[in-house]
Structure formats: C-alpha cells, structure tokens
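Contents: one structure, followed by commentary.
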Amino acid sequence: MAEQDKHGVLPTPKFDDPVKLLIVVAPFYRAIADDLVRGAKAEIEAAGGSCEVVEVPGALEIPTAIAMADRQCNFDGYVALGCVIRGETTHYETVCNDSSRAIQLLGLQGLCIGNGILTVENDAQAEVRANPEKMNKGGGAAAAALHLIALRRKWGASKKGVGFKPPSESILVAGDSNGSTTA
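Have a look at this one:
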C-alpha cells in the first residue's frame with residue numbers, strides 16, 4: 011500500500027460563491043517555496059477560487075502578514091507557506107514553534123488558515139514534501155484553508171457578540187436598562 015493511500019483525504023469543497031485566498035510565502039528556500047505555491051494555486055483553482063501571493067522574509071513574518079491582511083483586506087482565507095530546515099542551533103525550534111503557534115492563535119480567532127510551513131531535517135525531505143507531484147504539502151495547506159472556508163460558510167456568520175463588544179450600536183451603562191447613555 012502506497013504511503014498516500016494510508017491517509018484519508020477529503021474531496022475538494024465546492025462553492026456557490028467564489029473564494030479568494032491570500033498565499034503568504036517565505037521564499038528563503040526559493041525552489042521549495044515555488045513548488046509549495048504551485049501546489050497551493052492548483053488546489054485553489056480546482057475549487058474555482060482565486061488567489062494573490064505575497065512574499066515575506068521568513069516563516070516568523072507569515073502570521074504577522076496574515077493578521078495585517080485580515081484587518082485591511084477582504085480575503086476568505088489564507089495559506090501559509092515556507093520551509094524551516096534544522097540547522098546547528100536552537101533557532102529552528104524557535105521559528106517552528108512560534109510561527110505555528112501564531113498561526114494557530116489566528117485560526118482560533120476565526121481566520122481560515124492552511125498551514126503549509128514545512129519543518130524538516132534536510133533539503134531532501136523538503137523537496138519531496140513541496141513537490142506537487144509527490145507529497146504536495148502546498149496543495150494540502152490550500153485544501154485545509156478551503157475546507158475551513160466551507161465550514162464558515164455552512165455555519166454562517168457569528169450571531170454572538172465578540173469579546174466586550176456590545177451586541178448593538180447602543181452603549182449600555184451599568185444600571186441603565188434602556189440602552190441610552192447618560193452624561
């Protein structure tokens with residue numbers, strides 16, 4: 011049994027309304043990054059979506075760029091792509107852990123993000139994982155983002171207040187039952 015046959019893969023979601031994703035890639039290892047982007051774009055196009063690609067210096071900047079785009083733009087989801095190869099120092103652990111943690115925190119805030127930042131021991135592992143004809147981790151990250159977008163659309167917009175934001179335009183003052191403010 012081939013390795014990929016052991017894993018369950020969900021079918022590409024279908025959308026009534028088009029989706030637009032932002033691919034944020036760190037091209038430190040250019041050939042790896044290019045393969046990851048190629049796989050992600052193909053997956054997004056297979057779902058009938060469109061995408062933009064932006065480059066950032068490294069994996070640590072990917073979550074920051076996604077957060078900035080979410081505040082300033084109108085993307086349905088995000089694909090984080092890059093590669094971190096273990097070196098001789100503990101910098102590897104810092105970059106892997108911090109970029110992954112930041113992406114997870116953004117996801118927990120409701121952003122639809124597919125994490126395709128490879129964390130590998132050597133170039134050969136990265137090449138196999140990035141190659142769209144082999145493990146296609148760029149395509150897998152795009153698929154993850156697409157599935158999260160499909161879930162968000164299925165469940166609709168949040169009907170609950172967020173954080174301390176009041177549920178309406180009026181400001182409630184302690185002890186005031188009609189919603190008006192007093193000066």
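The sequence shown begins at 11 in my numbering and counts up by one. Cβ coordinates follow ideal geometry from the N, Cα and C atoms, glycine included.
Residue i versus residue j: straight-line alpha-carbon distance, rounded
{"i": "T99", "j": "N107", "result": "14 Å"}
{"i": "N125", "j": "A151", "result": "5 Å"}
{"i": "N132", "j": "C83", "result": "36 Å"}
{"i": "V19", "j": "A155", "result": "14 Å"}
{"i": "I95", "j": "K24", "result": "35 Å"}
{"i": "E71", "j": "G97", "result": "19 Å"}
{"i": "G149", "j": "A79", "result": "21 Å"}
According to DSSP, residues forming a beta bridge with residue i
{"i": "I33", "result": "V63 and V89"}
Element boundaries [beta strand (DSSP E), containing residue i]
{"i": "N125", "result": "I123 to V130"}
Residue i - containing alpha helix (DSSP H), residue span
{"i": "Q114", "result": "H101 to L118"}
{"i": "T74", "result": "I72 to Q82"}
{"i": "A57", "result": "That residue, A57, is in no alpha helix (DSSP H); it is neither H nor E in DSSP."}
{"i": "V138", "result": "D133 to A140"}
{"i": "R162", "result": "K147 to W165"}
Same chain, Cβ closer than 7 Å to residue i, neighbours up to 5 away in sequence not counted
{"i": "A77", "result": "L116"}
Would you call the region 38 to 49 and the region 137 to 157 in contact, with 3 or more CB pairs under 8 Å? yes
Would the region 60 to 75 and the region 153 to 164 be scored as touching if the rule is three or more Cβ pairs under 8 Å? no
At least three beta-carbon pairs within less than 8 Å, the region 112 to 125 to the region 75 to 91: yes
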